[in-house]
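In our numbering, the protein residues as written are 89 to 643.
Ideal Cβ placement from N, Cα and C applies to all residues, glycine included.
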């Protein structure tokens with residue numbers, strides 16, 4: 089939102105006769121507790137969902153008693169406000185965060201927190217608890233309100249709504265023809281029968297229209313570009329962005345409906361270059377496409393099927409040097425990717441059930457529930473990193489990496505056929521330095537796949553020897569203490585005496601790679617203290633300028 093739009097919105101909120109369930113004013117002159125902010129986030133998000141509006145607002149810099157402008161210095165820079173975003177989203181379900189935190193000059197500085205409505209059918213929680221509003225305060229979300237939010241999934245399907253003024257002629261003939269062909273490919277036994285259907289019969293049978301009436305699904309998948317206004321304020325837009333190695337945008341393209349044609353146009357923009365492996369005997373093919381075509385199409389079509397169109401956002405495909413990022417608005421209804429992989433079954437709830445069913449019928453997506461696991465398996469078969477999912481900021485973002493990050497790690501995926509996908513997902517976290525849950529760490533440790541202390545896990549010695557990663561393993565975990573003692577005493581014996589910098593130079597690079605500089609410095613101090621207490625070395629200098637020598641047997 090532009091500055092003037094924000095000022096106008098603030099004036100509208102201030103003109104309300106009193107605060108209500110979807111607006112909260114706070115003076116917050118200098119500070120405000122994140123805990124309280126998180127509770128208000130949950131409460132306002134849930135109340136916005138119950139009222140059927142996309143956003144709620146919390147405003148800092150307004151005196152509560154008379155709604156006069158007082159201004160605020162709360163988190164008085166952009167970096168600090170972005171940190172608030174992260175702090176809140178870390179403790180909400182599905183990583184839901186602020187749509188944006190706006191700063192407005194009135195001329196006093198006002199901070200406007202734009203809070204998204206809870207996802208359809210899923211109350212927004214903060215630290216595992218759902219809150220609602222009671223006057224101008226927050227309380228536990230009542231069971232009645234909780235149930236009303238849950239029923240939203242069954243009461244209304246945005247994608248099934250009829251566009252009252254739209255007619256069949258508002259659909260693109262080329263898109264309808266492609267839909268017919270895809271339908272016949274999906275159901276080959278019905279091919280001759282489909283050819284005899286007129287357009288209305290076909291669209292009804294394919295679950296795209298309802299009794300000949302044009303649905304929002306029909307506009308999204310088959311509508312002419314100029315028919316997009318029928319679904320306003322929702323957008324039917326897919327945006328492809330190309331970025332260079334520094335993250336700067338160098339090209340872009342935006343496609344509107346019909347999405348059945350837009351997918352191919354966006355796919356055609358992606359530079360799916362050949363990727364050359366470093367050959368290791370005959371283990372890897374000489375070269376492959378960076379991205380498996382199925383993964384690209386499945387990711388784009390998943391964004392279309394699961395986008396929360398009530399948020400009036402666009403689907404984005406961002407292409408980097410060796411990665412693709414796909415994102416759509418809305419929470420991830422299954423909760424976690426791990427659950428999808430483990431269950432390997434269709435979900436019980438869908439944001440856009442009518443749209444998803446139509447896309448299955450048009451062969452745009454696999455049978456509902458199987459696509460994500462296929463994407464993981466394709467990356468596994470190519471020895472590439474597994475897809476990464478991010479559910480923060482009330483969106484679903486998936487990153488696909490089109491290269492081998494670690495050749496030795498790729499080797500273990502190729503050779504260890506006994507590893508199941510769930511274990512590979514855990515090891516993928518270890519390679520990417522991502523945190524493991526206690527259960528994941530326990531499982532991998534029990535199977536002898538990892539070593540180390542939380543959070544600095546490494547591939548185990550047993551596995552490292554199998555995959556030829558011995559050097560990397562030694563760098564990661566370091567040596568036994570006696571080896572460090574030997575390095576120190578041998579160095580002193582060779583040179584007569586050493587100072588602290590000499591010992592830092594000697595040991596720094598052989599200490600565990602996960603240690604920070606401060607931890608390495610402290611470790612060396614402890615090693616010297618132990619040798620001194622054992623009577624093997626002594627300091628003949630000062631604490632400020634130590635001079636370490638060996639203690640002879642006769643001294």
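- Linking residue 625 to residue 639 through their CA atoms gives a straight-line distance of about 5 angstroms.
- Here residue 105 carries a coil assignment [DSSP, helix/strand/coil].
- For residue 325, the enclosing beta strand (DSSP E) has its first and last residue at 325-331.
- By the neighbour-count criterion, in which a residue is buried when 16 or more other Cβ atoms sit within 10 angstroms of its Cβ, residue 356 is exposed.
- DSSP, reduced to helix, strand and coil, places residue 112 within a strand of the structure shown.
- Residue 287 has its alpha-carbon roughly 36 angstroms from the corresponding atom of residue 483.
- Put simply, of 108, 326, 263 the residue whose alpha carbon is nearest the alpha carbon of residue 226 is 108.
- Sequence-distant Cβ neighbours of residue 211 in its own chain, meaning closer than 7 angstroms and more than five residues away, are 134, 218, 229, 234, 237.
- With a minimum length of 3 residues, the unbroken runs of beta strand (DSSP E) contained wholly in the stretch 172-235 fall at 188-193, 197-204, 217-222, 225-228.
- Annotation for residue 531: 511, 514 place their beta carbon closer than 8 angstroms to its own, counting only its chain and skipping 5 residues before and after.
- A Cβ-Cβ contact shorter than 8 angstroms links residue 490 with residue 411.
- For residue 310, no beta strand (DSSP E) encloses it; the enclosing alpha helix (DSSP H) starts and ends at 304-310.
- Apart from sequence neighbours up to five positions away, the residues of its chain that approach residue 294 with a beta-carbon distance below 6 angstroms are 271, 449, ordered along the chain.
- Boundaries for residue 487: no alpha helix (DSSP H) harbours it, while the beta strand (DSSP E) harbouring it runs 483-489, taken from the DSSP string.
- Here DSSP, grouped into helix, strand and coil, assigns residue 393 to helix.
- Here residue 349 has 263 as same chain residues with Cβ atoms under 6 angstroms from its own Cβ, once five neighbours each way along the sequence are excluded.
- For residue 611, the closest C-alpha among the options 157, 591, 191 is that of 591.
- When DSSP states are grouped into helix, strand and coil, residue 341 belongs to the strand group.
- Linking residue 425 to residue 522 through their CA atoms gives a straight-line distance of about 15 angstroms.
- Each of 316, 208, 637 was checked against the Cα of residue 420, and the nearest Cα belongs to 208.
- In the DSSP assignment, residue 362 forms a beta bridge with 377.
- By the beta-carbon neighbour count (other beta carbons within 10 angstroms, threshold 16), residue 536 is exposed.
- If you look at residue 415, you'll find it in the beta strand (DSSP E) that goes 411-417.
- Short of 6 angstroms from the beta carbon of residue 362, and not among the five residues preceding or following it, lie these beta carbons of its own chain, in chain order: 375.
- DSSP links residue 586 through a beta bridge to 636.
- Segment contact: the stretch 464-479 against the stretch 326-337, fewer than three CB-CB distances shorter than 8 angstroms; contact not assigned.
- Of 505, 543, 526, 527, the smallest CA-CA separation from residue 519 is found for 543.
- Only residues of its own chain outside the window of five on either side were considered, and among them 422, 460 have a CB closer than 6 angstroms to the CB of residue 428, listed in chain order.
- In the assembly as shown, residue 278 is an exposed residue. Its beta-carbon has fewer than 16 other beta-carbons within 10 Å.
- If you compare the alpha carbons of 104, 198, 203, 337 with that of residue 131, the shortest gap goes to 203.
- Judged by DSSP secondary structure, residue 626 falls within the beta strand (DSSP E) whose first and last residues are 625-627.
- Shown here for residue 379: same chain residues with a beta carbon closer than 8 angstroms to its own, the five before and five after excluded, namely 358, 360, 412, 488, 490 in chain order.
- DSSP places residue 322 outside both helix and strand once states are collapsed to three, so it counts as coil.
- For the options 205, 216, 572, 443, the alpha carbon positioned closest to that of residue 309 is the one of 443.
- By the criterion of a C-beta distance shorter than 7 angstroms, residue 313 is surrounded in its chain by 344, 345, once the five residues flanking it on both sides are discounted.
- For residue 405, the enclosing beta strand (DSSP E) starts and ends at 403-407.
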